[in-house]
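> Take this structure first; my questions come after.
In structure tokens, the structure reads:
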């Protein structure tokens, strides 16, 4: 059994550091949540979501609190976005959701701006106020159009 | 003309025959996996030989690959003023492609070839026949524990390789070139997703381990029972397993969706 104890120790060590590396990759780098916090789904309707994609972050005051879980087109051909956020935030019902861009070329995310009401948004409820994505193309187009009119 | 057609025909049949033998062998391995006694001690010894003894090679290679990636990408990215992208590029390229493929190739050379040579030498010295004479199935006694050890140690070695290469890229990008450590790690953690990237990496390394386990043990069992045969079988394992790993990598990437 003497030689086996070295072998067993080596294999145990190998499995431990292998699983440790795997856990680091999954939990820290990959962002896997085991059980994790309870989440609720809120909905928001936008006229134009620009380049927003599923899994884009949802931020309150710049801090990530959730992500976009799905994007669909509703009956009136507006973009229906579902947001998965932490359940204990207590966002008031007159909070607004806006699509913003991180940096000039960065990814788009949803910024939630807080309202003042006491009542809180519950699971499945919808944001009343939304602000669509700002399109640089449209802005330039409008600028050129306005310049043309003023001349 | 007729000769050429006949040649093509005999090559085709021998190719299909070979594939059938491998499939048959794989089925035998799978069946012996569930047979009693469990041969757990042999499995542990095989895990020691393939996994534990590969740790040093994998760690060193991972760290060096990370250092090279850090150096190359940092200088290229800084031409566009995009050094902040280092973490994301290093993370995605290593987790999705470089980690599983390089680990697969390294383990093929380090452990796969050794297993073929070992089983081949056992066959050449008639040890396998000796086992059969004692009513012990060599498939269950010799091949299965080794193939299983290769399959299971691959994901762990892959995770080790990737983690060490992150450290290597950190050492060069952050410590030597002066990128901010937080920017590097945040870029890494934001870019990599568990489901798509880490999951794909794990699936790839498992498949590569399975392929290597099957090929290495099959080539050992099928080798000609003499010194030259063992040499040919060992070479053939390294070549076949490397090509299979690279092809499987493309297929998995294409099926998974980029």
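Residue numbers (this note's numbering), protein chains in the order written: chain W, 2 to 152; chain D, 89 to 346. Note that CB positions come from ideal geometry on N, CA and C, so glycine has one too.
To the nearest angstrom, how far is it from the Cα of residue 283/D to the Cα of residue 224/D?
Answer to the nearest angstrom: the Cα atoms are 43 Å apart.
> Since I believe residue 257/D is in contact with residue 22/W (beta carbons under 8 Å), could you give me their beta-carbon distance rounded to a whole number of angstroms?
In fact, because the Cβ distance is near 15 Å, the residues do not count as touching under 8 Å.
> Compute the distance between the beta-carbons of residue 86/W and residue 45/W, then report whether it is under 7 Å.
For residue 86/W and residue 45/W, no; Cβs fall outside 7 Å.
> Any residues in the segment 264–278 of chain D with a beta carbon nearer than 8 Å to a beta carbon of chain W? Which ones, in chain order?
Hits within the stretch, in order: 276 and 277.
> How do the segment 188–206 of chain D and the segment 299–310 of chain D stand: do at least 3 beta-carbon pairs fall below 8 Å, yes or no?
Because the criterion of three Cβ pairs below 8 Å is met, the segment 188–206 of chain D and the segment 299–310 of chain D touch.
> Quick check on residue 108/D: buried or exposed, where buried means 16 or more other Cβ atoms within 10 Å of its Cβ?
Exposed is the call here.
> Could you tell me whether the segment 87–101 of chain W touches the segment 123–134 of chain W, where touching means 3 or more Cβ pairs closer than 8 Å?
Contact between the segment 87–101 of chain W and the segment 123–134 of chain W is present, because at least three Cβ pairs lie under 8 Å.
> When you check each C-beta in the segment 134–145 of chain D against every C-beta of chain W, which residues fall closer than 7 Å?
Result list: 135, 136, 139, 140 and 143.
> With residue 50/W and residue 84/W assumed to form a contact (beta carbons below 8 Å), what rounded beta-carbon distance in angstroms separates them?
Contact doesn't hold; Cβ gap of about 12 Å is too wide.
> Between residue 37/D and residue 299/D, how many whole angstroms is the CB-CB distance? I'm expecting something under 8 Å.
Limits of chain D in this structure are 89 at one end and 346 at the other, which puts residue 37/D out of reach.
> Chain D beta carbons: is any one of them nearer than 7 Å to that of residue 55/W?
No - not a single Cβ of chain D is within 7 Å of the one on residue 55/W.
> For residue 207/D, which three-state DSSP category applies?
The answer is helix: DSSP assigns residue 207/D an H, G or I state.
> Under 8 Å Cβ-Cβ, which residues of chain A neighbour residue 12/W?
Among the protein chains in the structure shown, which are W and D, there is no chain A.
> Assuming residue 281/D and residue 32/W form a contact by the criterion Cβ under 8 Å, report the distance between their Cβ atoms to the nearest whole angstrom.
Sure, about 7 Å apart at Cβ, within 8 Å.
> If we require 3 or more residues per run, which beta strand (DSSP E) segments fall completely within the segment 37–83 of chain W?
As far as the segment 37–83 of chain W is concerned, its whole beta strand (DSSP E) runs of at least 3 residues are 40–47, 58–61 and 64–74.
> Counting beta carbon pairs with one atom in the segment 233–245 of chain D and one in the segment 130–147 of chain D, are three or more of them shorter than 8 Å?
The segment 130–147 of chain D is in contact with the segment 233–245 of chain D.
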